[in-house]
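If you're matching positions, the sequence shown starts at 220 in my numbering and goes up one per residue. Note that beta-carbon positions come from the ideal geometry of N, C-alpha and C, so glycine has one too.
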Amino acid sequence: EFPKKEGSYDKIQSEKGTTKSRGPEVNFEGVANVNGVYPPDTDGDVGPDHYFQMINLSFAIWDKQGNKLFGPADNSTLWSGFIGPWTGTNDGDPIILYDEDADRGIASQFAIELSNGKSYELVAISETGDPLGEYYRYAFEFNHFNDYPKMGVWGDAYYCTFNFFSGGFIGGGVAAFERDKMLVGDPDANMVFFGYFEDDLR
């Protein structure tokens, strides 16, 4: 139990604090809305040496001095040569994360309502801490349109929430992707799903 000074937790803060933010240390132009998609769904994260940004359909990578090292290129570039029903798709709703404990970059976007009746969350994990290097690629399958993905890093899994649609909204859900296997490129990495209609997924 925290020590309590009289009155210190008893009332709502009534005045501003005295500590001020330093503001941004580096500021530079990111990827413009090169695909003309609205909203552009900008997302990005920073690692020790790089900044990785995705907009709806494109991405670019900079060093921390603001020098562009790659891109903009289609997000689908990360899954080039990774063959499946999603091949050739570039559907967007991207996510970029940096897994600090593993020193890896994570990129994701969906491939939706394909001719096989399925939708997928595509995930790419950098094989090293260098986002300009090679990636392990994964595709997690859903029976319905997995919209609004939001992903987070945790020690035992990568967690991702979705809203699902089939004509209209049918429910939300959360998936846990098998982080340990994904970090070593194991093709048998699994997903555990909990949601409104979990019996309808495999």
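Cβ neighbours of Gln-232 in the same chain (closer than 6 angstroms, five flanking residues each side left out): Here the question's residue 232 lines up with position 13 in the sequence shown. Apart from the 5 residues on each side of it in sequence, Gln-232 has no Cβ closer than 6 angstroms to any other Cβ in its chain.
Burial state of Gly-324 (16 or more Cβ within 10 Å): Residue mapping note: residue 324 aligns to position 105 of the sequence shown, counting from 1. Label assigned to Gly-324: buried.
For Thr-296 and Ala-251, the rounded distance between their alpha carbons: Within the sequence shown, numbered from 1, the residue matching residue 251 stands at position 32. Within the sequence shown, numbered from 1, the residue matching residue 296 stands at position 77. Rounded to the nearest whole angstrom, the C-alpha separation of Ala-251 and Thr-296 is 18 angstroms.
Helix, strand or coil at Arg-356 [DSSP, three-state]: To locate residue 356, count along the sequence shown from 1; it is residue 137. In the structure shown, Arg-356 sits in a strand (DSSP, three-state: E or B).
Ordered list of beta strand (DSSP E) runs contained in the region 263-340, each at least 3 residues: Qualifying beta strand (DSSP E) stretches, in chain order: 269-273, 277-282, 287-293, 314-318, 323-330.
Short Cβ contact (9 angstroms threshold) for Leu-341 with Asp-264: Counting from one through the sequence shown, the residue named residue 341 turns up at place 122. Counting from one through the sequence shown, the residue named residue 264 turns up at place 45. No, Cβ-Cβ distance for Leu-341 and Asp-264 is not below 9 angstroms.
CA-to-CA distance, Gly-391 to Asn-382, given in whole angstroms: By 1-based counting over the sequence shown, the position of residue 382 is 163. By 1-based counting over the sequence shown, the position of residue 391 is 172. Distance between the alpha carbons of Asn-382 and Gly-391: 4 angstroms.
Boundaries (first-last residue) of the alpha helix (DSSP H) holding Lys-400: As a working mapping, residue 400 is identified with position 181 in the sequence shown. Where Lys-400 is concerned, the enclosing alpha helix (DSSP H) starts and stops at 398-402.
For Gly-266, the nearest candidate out of Tyr-354, Phe-289, Ala-321 (CA to CA): Residue 266 sits at position 47 when you count from the first residue of the sequence shown. Selected option, being the one with the closest Cα: Ala-321.
Proximity to Asp-268 [Cα-Cα], best of Glu-234, Gly-348, Tyr-355, Tyr-357: Here residue 268 refers to the residue found at position 49 when the sequence shown is read from its first residue. Ranking the options by Cα distance to Asp-268, first place goes to Gly-348.
Best match in Ser-345, Gly-285, Ala-358, Val-372 for proximity to Trp-305 [C-alpha to C-alpha]: As a first step, residue 305 is located in the sequence shown; it is residue number 86 there, counting from the start. Among Ser-345, Gly-285, Ala-358, Val-372, the Cα nearest to that of Trp-305 is on Ala-358.
Beta-carbon separation (whole angstroms), Ala-330 vs Asp-310, contact threshold 8 angstroms: As a first step, residue 330 is located in the sequence shown; it is residue number 111 there, counting from the start. As a first step, residue 310 is located in the sequence shown; it is residue number 91 there, counting from the start. Ala-330 to Asp-310, Cβ: 5 angstroms. Contact.
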